[in-house]
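>
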Amino acid sequence: MISEPELHRMKILVVDDDQLSTRLLQELLERQGYSRVTGITDSLKALETCAAFDPDLILLDLIMPDLDGFAVLEALRADISERFLPIVVLTADITEEAKARALEAGATDFLVKPVSQTEALLRIRNLLETRRLNVVLRNQRAALEEAVRERTEELREKIVELEAANQALQVSAVA
1012 MISEPELHRM
1022 KILVVDDDQL
1032 STRLLQELLE
1042 RQGYSRVTGI
1052 TDSLKALETC
1062 AAFDPDLILL
1072 DLIMPDLDGF
1082 AVLEALRADI
1092 SERFLPIVVL
1102 TADITEEAKA
1112 RALEAGATDF
1122 LVKPVSQTEA
1132 LLRIRNLLET
1142 RRLNVVLRNQ
1152 RAALEEAVRE
1162 RTEELREKIV
1172 ELEAANQALQ
1182 VSAVA
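1172 is the number that our numbering gives to position 161 of the sequence shown; each next residue is one higher, with no gaps.
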């Protein structure tokens, strides 16, 4: 289980062209103790902001001018295909087509506006816990791989030493 303070330090990015929706989501999250919440209303800046902010979770509106949420979602997934980054789609579009398209494009979850605060907060918390555990697992795997590399190198060095000692013994036995 991840501690509340640890969860509350995780970074959340809100991308919604409606400034009021963005501000309300930010305020809701901040009232719940999340201290690293950033909101943007320009979908064209989503990738740039994501790269600079490095969020642990993204709340993404689908219906936006210029670059819609589907395009942002596809670009984000293409850019970060190797790591787990939860992206929750928030939209007023309740059609099965929109839901299927968003999930197919890589959305982790789908919430319909107006969003139930309780449901949204619980899903965000669950996804942040999953994200944190994924990061811990990835770090542990990297540490284990490094330890295996180091130990393999040590073993190679010992093999070289043993082969040299064996050769020396064979030479001295012949002499």
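C-beta: ideal position from N, C-alpha, C; glycine also. Treat the numbers as computed from the prediction; the structure is a model and nothing was measured.
Can you have a look at G1080 and say buried or exposed, based on whether 16 or more other CB atoms are within 10 angstroms of its CB?
Buried, by the Cβ-count rule.
> If you check the beta carbons only, do V1083 and A1057 fall under 8 Å apart?
Yes, the pair counts as a contact, with Cβ atoms nearer than the cut-off.
> Short of 7 Å in beta carbon distance, which residues of its chain neighbour D1077, apart from the five on each side in sequence? Order them along the chain.
Taken in chain order, the residues that qualify are S1054 and L1055.
> Which of helix, strand or coil does DSSP assign to K1056?
Correct three-state label for K1056: helix.
> Go through its chain and collect everything with a Cβ distance to K1110's Cβ below 7 Å, but skip five positions before and after it.
Contacts found: F1121.
> For L1073, which option in V1123, R1042 and P1016 has the closest C-alpha, if you only look at C-alpha atoms?
Closest by alpha carbon: V1123.
> Between the alpha carbons of R1136 and L1148, how many angstroms are there, rounded?
Cα-Cα distance, rounded: 18 Å.
> Here's the rule: buried if 16 or more other CB atoms are within 10 angstroms of the residue's CB, otherwise exposed. What is T1129?
Per the 10 Å Cβ criterion, exposed.
> I want to see whether chain B comes within less than 8 Å of R1152, judged by CB atoms only; does it?
Checking the listed chains, one finds no chain B in this structure; it contains a single protein chain.
> Are three or more beta carbon pairs between the segment 1160 to 1180 and the segment 1032 to 1050 nearer than 8 Å?
In short, these stretches do not touch, since the Cβ pair count stays below three.
> Taking only three categories from DSSP, how would you classify V980?
This structure gives no information on residue 980, because the portion of the chain shown stretches from 1012 to 1186.
> Kindly list the residues whose CB is nearer than 6 Å to the CB of T1060, restricted to its own chain and excluding five residues on each side of it in sequence; keep chain order.
Taken in chain order, the residues that qualify are I1051.
> In its own chain, which residues sit with a C-beta less than 6 Å from the C-beta of D1027, not counting the 5 before and 5 after it?
Cβ within range, chain order: T1033 and D1072.
> Three-state secondary structure (DSSP) at L1024?
Correct three-state label for L1024: strand.
> Could you round the C-beta distance between I1069 and L1096 to whole angstroms and report it? I think they count as a contact, below 8 Å.
Contact flag correct, Cβ pair sits at about 7 Å.
> Using C-beta distances below 6 Å, list every residue in its chain close to E1085, excluding the 5 sequence neighbours before and after it, in chain order.
Once the five neighbours on either side are set aside, the close Cβ partners of E1085 are A1116.
> With 16 other CB atoms within 10 Å as the buried threshold, where does L1018 fall?
Buried is the call here.
> To which residues of the same chain is I1105 closer than 6 Å at the C-beta, ignoring the five residues directly before and after it?
If we look at I1105 and ignore the five residues flanking it on each side, its Cβ neighbours are V1123.
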